[in-house]
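A short write-up of the structure that comes next.
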Amino acid sequence: MSEPSAITDPADPRLGDYTGLTDVELRRRREPAEGLFIAEGEKVIRRALAAGYRMRSMLLTSKWLEVMADVIAEADAPVHVVEPGLAEAVTGYHVHRGALASMERKPLPQAVDLLAGARRVAVLEGLVDHTNLGAIFRSAAALGMDAVLLSPDCADPLYRRAVKVSMGAVFAVPYARLDPWPAALETVRTAGFTLLALTPADAAVDLAGLAPHRLPKAALMLGAEGDGLTGPALAAADHAVRIPMAHSIDSLNVGAAAAVSFYAVTAPTA
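Next comes the structure, spelled out in structure tokens:
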């Protein structure tokens, strides 16, 4: 058990992992380099621990001591207790959930290893919005996708915002980077997957009409909000597919489109 210790100085070096959490560019560079990520909120912290991530430290306000008592009892990392104002001074925002944990990252698996045991995967190109990324991981977990593959320029799934929006689903769905892009898409095809590129283009076939749930292995490709998949990515796909729209709506938010298409490729074949 780690005995909680009170900290009253926002410059205390023990709080270093939690400084400037709202500075996206700083955290984007710093966290992977230092091998850490931030889990925010009781449920997310518990899910990170259950997924086997090791805690570096925990930062709590006093009212969360009782709620997190069992986690504290099993922790082999320091537990820092601060006043809400100090937490805000350190992190840069009002920590209304009252509990943060700095966690150690795990080495990323190779894409080929994830593909070996998978039947349904999502392939994401250029998604830099952490909210959309987190939503996609949550849908991938809920709807039974086996893995998520990311182009090199996709956002970090373990960035605080992505983890929070996913409600910890980023810990449940394995992911890897596909590099070089888009040449590495051939790795997916070689593993037996049919590449389905989601696009609103009129020339694309309706996703349901293709009966993707009957494919032995399906890789669903989604691009960034607004721009969609790039030309080279579309050219690498086996089929361009679309979700039919009504009322003159041209497309869905990428998070919503992902949920719809994940259901289409994972629905029972009966």
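Heads up: the sequence shown begins at 58 in my numbering, then just goes up one per residue.
All residues carry an ideal CB built from backbone N, CA and C; glycine is no exception.
The model shown is predicted, which means the values in this text are computed figures rather than measured ones.
Note down, in chain order, each residue of its chain lying with its Cβ closer than 8 angstroms to the Cβ of residue i, except the 5 sequence neighbours on either side.
| i | result |
| --- | --- |
| P209 | R234, L235, D236, P237, W238 |
| A324 | H270 |
| R71 | I64, S114, P135, H137 |
| K221 | E97, G98, V101, G191 |
With H, G and I counted as helix, E and B as strand and the rest as coil, what does DSSP make of residue i?
| i | result |
| --- | --- |
| H137 | strand |
| D263 | strand |
| G285 | strand |
| H151 | coil |
| I129 | helix |
| S159 | strand |
| Y232 | strand |
| F250 | coil |
| V178 | strand |
| A297 | strand |
| A240 | coil |
Leaving out the 5 sequence neighbours to the left and right, which residues in its chain are closer than 6 angstroms to residue i when beta-carbon positions are compared?
| i | result |
| --- | --- |
| A290 | E182, P239 |
| P301 | D263 |
How close, in whole Å, do the beta carbons of residue i and residue j come, if the pair is a contact with beta carbons under 8 angstroms?
| i | j | result |
| --- | --- | --- |
| A96 | A105 | 5 angstroms |
| A297 | A258 | 6 angstroms |
| P141 | V152 | 7 angstroms |
| G98 | A179 | With a Cβ gap of about 25 angstroms, G98 and A179 do not count as contacting. |
| T256 | G285 | 6 angstroms |
Does the distance from the CB of residue i to the CB of residue j come in under 8 angstroms?
| i | j | result |
| --- | --- | --- |
| R176 | D203 | yes |
| L200 | A316 | yes |
| Y150 | L93 | no |
| R299 | A261 | yes |
Among the residues of its own chain, which have a CB less than 7 angstroms from the CB of residue i, if the five just before and after it don't count?
| i | result |
| --- | --- |
| L165 | A233, R234 |
| V230 | F194, A197, A198, M202, A204, V205 |
| S59 | I129, A132, D133, A134, P135, V136 |
| S119 | V138 |
Nearest to residue i by alpha carbon, out of the options?
| i | options | result |
| --- | --- | --- |
| A275 | A258, A254, A261 | A254 |
| A134 | L206, S196, M115, G288 | M115 |
| N189 | D213, A158, A168 | D213 |
| A158 | E82, I102, A297 | I102 |
| G280 | E123, V311, A265 | V311 |
| R87 | A294, E282, Y216 | Y216 |
| R31 | A265, G266, K163 | This structure does not reach residue 31, given that the chain is present from 58 up to 327, and the question cannot be answered. |
Residue i CB to nearest chain D CB: under 8 angstroms?
| i | result |
| --- | --- |
| A290 | Here chain D cannot be found, since the structure has a single protein chain. |
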